[in-house]
Amino acid sequence: MEQNIIPIFFTTDESYAPWLDCAIRSMEEHASREYRYQIIVLHQDLTKESQAKIASGVHAPFEIRFVPMEKELAGITDRTENRLRCDYFTLTIYFRLFIADRFPEYDKGIYLDSDIVVPGDISELYRVELGDNIIGACADRSIAPVPELVEYVENAVGVPIDQYINSGILLMDLKKMRDVDFCDHFLRLLHTYHFDCLAPDQDYINAMCSGKIVYLDETWDAMPPMGGKEAEVLQNPKLIHYNLFQKPWCYDNIPYEEYFWRYAKESSFYPDIVRFKENYSEEQKKSDQTCLENMIAKGPEVCSQKVTFRRMFEKGESIHVC
Numbered sequence: 342m343e344q345n346i347i348p349i350f351f352t353t354d355e356s357y358a359p360w361l362d363c364a365i366r367s368m369e370e371h372a373s374r375e376y377r378y379q380i381i382v383l384h385q386d387l388t389k390e391s392q393a394k395i396a397s398g399v400h401a402p403f404e405i406r407f408v409p410m411e412k413e414l415a416g417i418t419d420r421t422e423n424r425l426r427c428d429y430f431t432l433t434i435y436f437r438l439f440i441a442d443r444f445p446e447y448d449k450g451i452y453l454d455s456d457i458v459v460p461g462d463i464s465e466l467y468r469v470e471l472g473d474n475i476i477g478a479c480a481d482r483s484i485a486p487v488p489e490l491v492e493y494v495e496n497a498v499g500v501p502i503d504q505y506i507n508s509g510i511l512l513m514d515l516k517k518m519r520d521v522d523f524c525d526h527f528l529r530l531l532h533t534y535h536f537d538c539l540a541p542d543q544d545y546i547n548a549m550c551s552g553k554i555v556y557l558d559e560t561w562d563a564m565p566p567m568g569g570k571e572a573e574v575l576q577n578p579k580l581i582h583y584n585l586f587q588k589p590w591c592y593d594n595i596p597y598e599e600y601f602w603r604y605a606k607e608s609s610f611y612p613d614i615v616r617f618k619e620n621y622s623e624e625q626k627k628s629d630q631t632c633l634e635n636m637i638a639k640g641p642e643v644c645s646q647k648v649t650f651r652r653m654f655e656k657g658e659s660i661h662v663c
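This is the structure in structure tokens:
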């Protein structure tokens with residue numbers, strides 16, 4: 342591949358198409374023109390209509406292509422331990438784990454969740470040196486104020502809370518991931534142990550990559566605090582991640598919401614976004630709160646199970662990829 346091409350991977354399904362469109366538009370506006378950018382959207386059931394609307398907002402030096410990914414993940418099924426936030430199952434969260442093998446033409450790449458906006462220059466993230474490490478990511482600041490989740494991270498995943506990363510923004514050494522058989526290692530752990538997880542892809546990545554992570558500046562993953570807890574709002578964030586339930590297209594008064602609405606107004610999906618917000622019901626909000634409470638309560642429960650990442654590692658199981 343040409344040296345000045347930056348590959349950027351997203352994952353989505355039809356329900357996340359509007360947020361992906363906003364993410365790409367924001368990123369385009371601020372990216373350095375010294376590079377070319379190849380956006381690869383790994384998707385499940387994204388309609389041709391949505392693909393066309395998203396592609397209509399992409400301009401040089403950006404290019405975009407859409408790649409369906411269902412068949413690569415046929416072995417991952419809807420089991421309780423594979424559900425995100427303990428309440429729903431989606432294959433899209435696993436797509437990032439297969440990027441290295443699925444795209445051997447790239448030796449380095451960026452993975453981004455779709456519920457983001459990027460007011461910084463994404464090429465700066467790509468230029469971070471990984472050295473002998475596998476990934477670069479930010480520590481997950483959003484869960485640090487929640488004791489039950491800290492207990493889960495340290496005693497079930499087996500990672501100190503200040504080293505537990507959020508997997509929604511990843512700088513990946515794809516060549517090294519292939520060299521250490523990252524994909525096969527993940528599938529072996531998944532099918533052997535079926536670890537119970539609060540954030541399945543994220544917890545596997547944390548456990549597998551422990552000791553081989555470059556910790557990025559926190560401005561590359563600025564997240565609203567979880568559950569309404571007070572947290573510092575970062576000045577001049579380079580990337581904002583509306584993680585878990587704190588999404589401005591669902592709620593008012595979300596930190597960093599002004600960034601989202603600026604780009605939403607430029608989106609081809611803007612009428613859909615406004616309608617979604619207007620129709621987000623009290624019942625849905627109550628369901629969000631219940632899911633959050635259930636996730637927090639589940640943390641200590643998982644710690645007491647006989648099979649956790651930490652317990653298997655302490656028994657000598659090869660959890661880390663290298």
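So for the sequence shown, the numbering used here puts the first residue at 342; every next one is plus one.
Beta carbons are placed, not taken as given, at the ideal position from N, Cα and C, and that holds for glycine.
C-beta atoms of residue i and residue j nearer than 8 Å
i: F586; j: L539; result: no
i: S356; j: V459; result: no
i: R651; j: V498; result: yes
i: S455; j: W360; result: yes
i: Y583; j: C479; result: no
i: E559; j: R482; result: yes
i: A441; j: M513; result: yes
i: I349; j: I463; result: yes
i: V408; j: M549; result: no
i: Y505; j: V487; result: no
i: L438; j: M410; result: no
i: I475; j: K553; result: yes
i: I434; j: D542; result: yes
i: I451; j: L471; result: no
Burial state of residue i, where buried means 16 or more other Cβ atoms lie within 10 Å
i: T388; result: exposed
i: S391; result: buried
i: T649; result: buried
i: A393; result: exposed
i: S608; result: buried
i: T631; result: exposed
i: N620; result: exposed
i: H526; result: buried
i: R406; result: exposed
i: S508; result: buried
i: A638; result: exposed
i: K669; result: With the chain running from 342 to 663 in the structure shown, residue 669 is simply not present.
i: S645; result: exposed
Other residues of its chain near residue i: CB distance less than 7 Å, five sequence neighbours each side excluded
i: E658; result: none
i: C600; result: In the sequence as presented, Cys is not what sits at residue 600; that position holds Tyr. Hits under 7 Å: V458, P460 and I581.
i: P402; result: R374, Y376, R377 and Y378
i: D613; result: P359
i: P501; result: E495
i: M653; result: Y534 and I660
Cut-off 6 Å between Cβ atoms - residues of its own chain near residue i, not counting five sequence neighbours on either side
i: I574; result: The amino acid occupying residue 574 in the given sequence is Val; Ile does not appear at that position. Excluding positions up to five away in sequence, the list reads P596.
i: S622; result: none
i: K618; result: W590
Cross-strand partners of residue i (DSSP beta bridge)
i: R374; result: Answer is none; R374 lacks a bridge partner.
i: L539; result: DSSP, once it has assigned bridges, lists no residue as partnering L539.
i: V382; result: F351 and F407
i: H526; result: BP columns for H526 are empty, so no partner.
i: C479; result: N507
i: M513; result: G450 and I476
i: I554; result: I476
Cβ neighbours of residue i in the same chain (closer than 8 Å, five flanking residues each side left out)
i: E404; result: R377, Y378, Q379 and I380
i: S397; result: S609
i: D629; result: F586 and C591
i: K626; result: C591 and Y592
i: C524; result: L438, F439, A441, D442 and M518
Original post:
Considering only residues of the stretch 603-635, which uninterrupted alpha helix (DSSP H) runs meet the minimum length of 4 residues and lie entirely inside it, listed in chain order?
Top reply: 611-619
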